[in-house]
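Worksheet: one structure, shown below.
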Amino acid sequence: MKAFLLVCLVVVTSAKYEEYAGWKSYYVRPSNYDQLTYLGNLVQKLNLDFINHAYVDQDGIVIVHPEVQRQFLKNLEDYNIEFRVHSNDVREQLLKEEEVLFKESSSKNTINSRLSYDRYHTTDDIENYLREIAAAYPRVAKLEIPSNTFEGRPIPMLKVSTTNFEDKSKPIIMIDGGIHGREWLTIPPVTYAIHKLVENVTEPDLLDRYDWILLPMANPDSFNFSIVTSVVWQKTRSTDNHPLSVVCLGADVDRNFDFNWRDLGPEGTPCTPLYPGNRPFSEVETRNLRDILHENLDRLRMYISFDSFGTKVMYPWGYDASLSNRALVLHTVGVSITEAMNKYAEDNNHPFPLGYQVGSEAIVRGYTVGGMSTDYAHYLGVPLVFKIEVHGFFGAYFMPPQYIVPTVLEAWEGIVAGARRAADMF
Numbered sequence: 000m001k002a003f004l005l006v007c008l009v010v011v012t013s014a015k016y017e018e019y020a021g022w023k024s025y026y027v028r029p030s031n032y033d034q035l036t037y038l039g040n041l042v043q044k045l046n047l048d049f050i051n052h053a054y055v056d057q058d059g060i061v062i063v064h065p066e067v068q069r070q071f072l073k074n075l076e077d078y079n080i081e082f083r084v085h086s087n088d089v090r091e092q093l094l095k096e097e098e099v100l101f102k103e104s105s106s107k108n109t110i111n112s113r114l115s116y117d118r119y120h121t122t123d124d125i126e127n128y129l130r131e132i133a134a135a136y137p138r139v140a141k142l143e144i145p146s147n148t149f150e151g152r153p154i155p156m157l158k159v160s161t162t163n164f165e166d167k168s169k170p171i172i173m174i175d176g177g178i179h180g181r182e183w184l185t186i187p188p189v190t191y192a193i194h195k196l197v198e199n200v201t202e203p204d205l206l207d208r209y210d211w212i213l214l215p216m217a218n219p220d221s222f223n224f225s226i227v228t229s230v231v232w233q234k235t236r237s238t239d240n241h242p243l244s245v246v247c248l249g250a251d252v253d254r255n256f257d258f259n260w261r262d263l264g265p266e267g268t269p270c271t272p273l274y275p276g277n278r279p280f281s282e283v284e285t286r287n288l289r290d291i292l293h294e295n296l297d298r299l300r301m302y303i304s305f306d307s308f309g310t311k312v313m314y315p316w317g318y319d320a321s322l323s324n325r326a327l328v329l330h331t332v333g334v335s336i337t338e339a340m341n342k343y344a345e346d347n348n349h350p351f352p353l354g355y356q357v358g359s360e361a362i363v364r365g366y367t368v369g370g371m372s373t374d375y376a377h378y379l380g381v382p383l384v385f386k387i388e389v390h391g392f393f394g395a396y397f398m399p400p401q402y403i404v405p406t407v408l409e410a411w412e413g414i415v416a417g418a419r420r421a422a423d424m425f
């Protein structure tokens with residue numbers, strides 16, 4: 000029996016990520032804004048998948064399908080964009096990195112919390128943590144399950160308030176993570192914010208000034224599938240978008256909102272990684288975020304969505320290169336967030352080679368994207384909206400667990416600075 004199980008394990012392991020046989024990954028470094036914009040157009044034209052986003056004078060990592068590799072490299076050469084091979088075998092690279100991701104960090108830099116930060120946690124771990132917090136601190140924390148996912152998982156949300164959300168004069172800050180399943184590092188900053196607002200309060204003014212809505216896992220099905228089956232998965236797991244959805248599941252939550260939906264993004268089939276769905280709000284996960292925004296709109300002061308990877312703090316608009324009417328205020332608060340994170344990293348000798356930068360999303364990215372949650376929230380009237388792309392890179396597709404602690408500590412400093420700056424301006 001043991002021999003049979005061993006054979007099965009070998010077969011399963013050898014078959015994993017077979018769909019990436021022949022794929023390669025490349026470092027790409029645009030040297031100017033024109034090259035960055037051209038690269039953004041290639042993303043949509045060739046259905047490229049950037050694991051780590053490229054910016055001007057900043058390497059990105061892109062994985063490329065065998066059928067378009069020759070065209071991709073020719074396009075880069077024609078436009079004089081610097082590139083080099085990252086991995087000749089994406090499948091092998093994924094298997095190697097998966098091993099590292101599931102190991103516990105040996106770092107001594109730990110956090111005393113009910114939820115550990117020395118490893119990545121499962122969907123059940125995170126939901127249980129929220130339940131424990133709500134049970135242990137009922138005067139300030141309330142767990143709600145506003146929706147279930149396509150596969151039936153709860154989408155847990157924690158409300159944190161000293162007045163049980165009954166003081167209608169208090170503004171609200173909403174924070175989410177995990178919109179894309181494979182972006183594991185976007186979840187810990189949200190759970191750590193819960194820790195600092197409830198378990199270990201060192202900034203009580205943030206509770207006096209604001210009520211808080213926190214969703215660590217905006218897309219639990221995707222996150223679960225990424226952990227259990229394929230680390231590279233980022234879409235939802237729905238099967239009702241398109242005739243091909245039974246074999247190519249899901250849609251990109253962050254391209255599925257009804258604001259410039261599909262006007263700018265790829266028109267591809269569900270088999271593309273950036274598929275925006277067959278209609279706006281086709282995904283229950285998108286509708287969940289929409290409903291929370293609408294229900295709290297009159298009090299929402301700030302919305303922060305954690306993303307990866309890129310080391311950027313970005314504000315609307317992402318659908319075109321125009322500036323929001325609130326661009327000055329957005330930039331001012333964004334600078335406060337960025338400076339606080341960078342100062343904390345420098346003061347504590349964090350290992351990241353790049354500091355955070357701030358700017359309007361379409362301009363910073365060099366290309367436009369429709370249907371994003373951040374653009375939609377700002378369009379509704381939320382005055383301060385930021386997408387924080389956490390650290391990435393180090394030559395890998397994903398961040399090993401030893402970088403969770405420095406990431407969340409920096410992120411919290413940014414949240415504190417942004418919230419206080421916002422309170423001063425409104």
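Counting from 1, position 184 in the sequence shown corresponds to residue 183 in numbering that gives the first Met the number 0; the numbering is continuous, with no gaps.
All residues carry an ideal CB built from backbone N, CA and C; glycine is no exception.
In terms of DSSP beta bridges, what is Val61 paired with? Looking at the DSSP output, Val61 shares a beta bridge with Tyr25, Phe49.
From the DSSP output, which residues share a beta bridge with Phe433? The chain is shown from 0 up to 425; residue 433 falls before or after that span and cannot be answered.
Reducing DSSP to helix, strand and coil, say where Lys141 ends up. Strand, per DSSP.
Rounding to the nearest angstrom, what Cα-Cα distance links Thr162 and Val139 in this structure? Straight-line Cα distance between these residues: approximately 7 angstroms.
Following the continuous alpha helix (DSSP H) through Tyr343, name the residue where it begins and the one where it ends. Looking at the DSSP string, the run of the alpha helix (DSSP H) that includes Tyr343 is 326-346.
From His293 to Lys23, what does the alpha carbon distance come to, in whole angstroms? Near 42 angstroms, if we compare the C-alpha coordinates of Lys23 and His293.
Flag this pair as touching only if the stretch 167-175 and the stretch 203-220 have three or more C-beta atom pairs under 8 angstroms; answer yes or no. Counting Cβ pairs under 8 angstroms, three or more are found: they touch.
Please work out which residues of its chain come closer than 7 angstroms, Cβ to Cβ, to Gly151, disregarding the five sequence neighbours upstream and downstream, and give them in chain order. Cβ-Cβ distances below 7 angstroms link Gly151 to nothing in the same chain once the five nearest sequence neighbours on each side are left out.
At the level of alpha carbons, what is the spacing between Glu97 and Ile154? Take the alpha-carbon of Glu97 and the one of Ile154: they are about 25 angstroms apart.
What residues in its chain sit with their C-beta under 6 angstroms from that of Val189, if we drop five residues either side in the sequence? For Val189, where only same-chain residues beyond five positions count, the Cβ hits under 6 angstroms are Ile174, Gly176, Leu213, Pro215.
Helix, strand or coil for Ser229, going by three-state DSSP, please let me know. DSSP places Ser229 outside both helix and strand once states are collapsed to three, so it counts as coil.
Helix, strand or coil for Ser86? Go by DSSP, reduced to three states. It is a strand residue.
On the DSSP letters alone, give me the boundaries of the beta strand (DSSP E) that Leu379 sits inside. Element bounds for Leu379: not the beta strand (DSSP E) but the alpha helix (DSSP H), 372-379.
Smallest Cα separation from Phe256: which of Thr271, Ala134, Glu66, Val283? Distance check between Phe256 and each of Thr271, Ala134, Glu66, Val283 places Val283 closest, using alpha-carbon atoms only.
Answer with buried or exposed for Thr148, where buried requires no fewer than 16 other C-beta atoms within 10 angstroms of its C-beta. Burial call: buried.
According to DSSP, is Arg300 part of a helix, a strand, or is it coil? For Arg300, the three-state secondary structure derived from DSSP is strand.
By Cβ distance, which residues of its chain are closer than 6 angstroms to Phe258, with the 5 residues on each side in sequence left out? Result list for Phe258: Asp374, Tyr375, Tyr378, in chain order.
Using C-beta distances below 7 angstroms, list every residue in its chain close to Ser237, excluding the 5 sequence neighbours before and after it, in chain order. Leaving aside the five residues that flank Ser237 on each side, the residues in its chain whose CB is nearer than 7 angstroms to its CB run, in chain order, Phe149, Ser244, Leu248, Gly249, Ala250, Glu282.
Nearest neighbour of Val363, chosen from Leu38, Tyr128, Asn240, Tyr19 [CA to CA]: Ranking Leu38, Tyr128, Asn240, Tyr19 by CA distance to the CA of Val363 puts Leu38 first.
Counting beta carbon pairs with one atom in the stretch 220-240 and one in the stretch 342-352, are three or more of them shorter than 8 angstroms? Cβ pair count under 8 angstroms is below three, so no.
If you run the structure through DSSP and keep just helix, strand and coil, what is Ile80? Here Ile80 sits in coil by DSSP.
Report the three-state DSSP secondary structure of Pro265 (helix, strand or coil). Residue confidence for Pro265 is low, a pLDDT of 48 falling below 50, so the modelled location carries little weight and cannot support an answer.
Using CA coordinates, which residue listed in Tyr16, His179, Gln233, Ser160 is at the minimum distance from Leu94? Leu94 has its Cα closest to that of Tyr16, out of Tyr16, His179, Gln233, Ser160.
What are the residues that DSSP puts in a beta bridge with Pro153? Note: Pro153 sits in a beta bridge opposite Asn147.
If you drop the 5 nearest sequence neighbours on each side, which residues of the same chain put their C-beta closer than 8 angstroms to that of Phe280? Contacts found: Asn255, Phe256, Asp257, Arg286, Arg289.
According to DSSP, residues forming a beta bridge with Lys311: Bridge partners of Lys311: Gln356, Glu388.
By the three-class DSSP mapping on this structure, what secondary structure does Val415 have? Three-state DSSP puts Val415 in a helix.
DSSP bridge partner residues for Met173 (one or two, in chain order): According to DSSP, which records beta bridges pairwise, Met173 is partnered with Ile212, Tyr302.
Determine, using beta carbons only, whether Tyr25 and Asp58 come nearer to each other than 7 angstroms. Contact: no.
Please report the distance separating the alpha-carbon of Trp428 from that of Tyr54. No answer is possible for residue 428: the residues shown for the chain start at 0 and end at 425.
For Pro187, is the classification buried or exposed, using 16 other Cβ atoms within 10 angstroms of its Cβ as the cut-off for buried? That one is buried.
For Val334, tell me which candidate among Leu299, Arg298, Leu383, Asp297 has the shortest Cα-Cα distance. Its Cα nearest to that of Val334, the residue Leu383 stands out among Leu299, Arg298, Leu383, Asp297.
Rounded to the nearest angstrom, what separates Ala416 and Glu338 at their Cα positions? Approximately 9 angstroms, taken between the alpha carbons.
Cβ separation of Gln356 and Lys386, assumed to be a contact under 8 angstroms, to the nearest whole Å: Cβ atoms of Gln356 and Lys386 stay farther apart than 8 angstroms, at about 13 angstroms.
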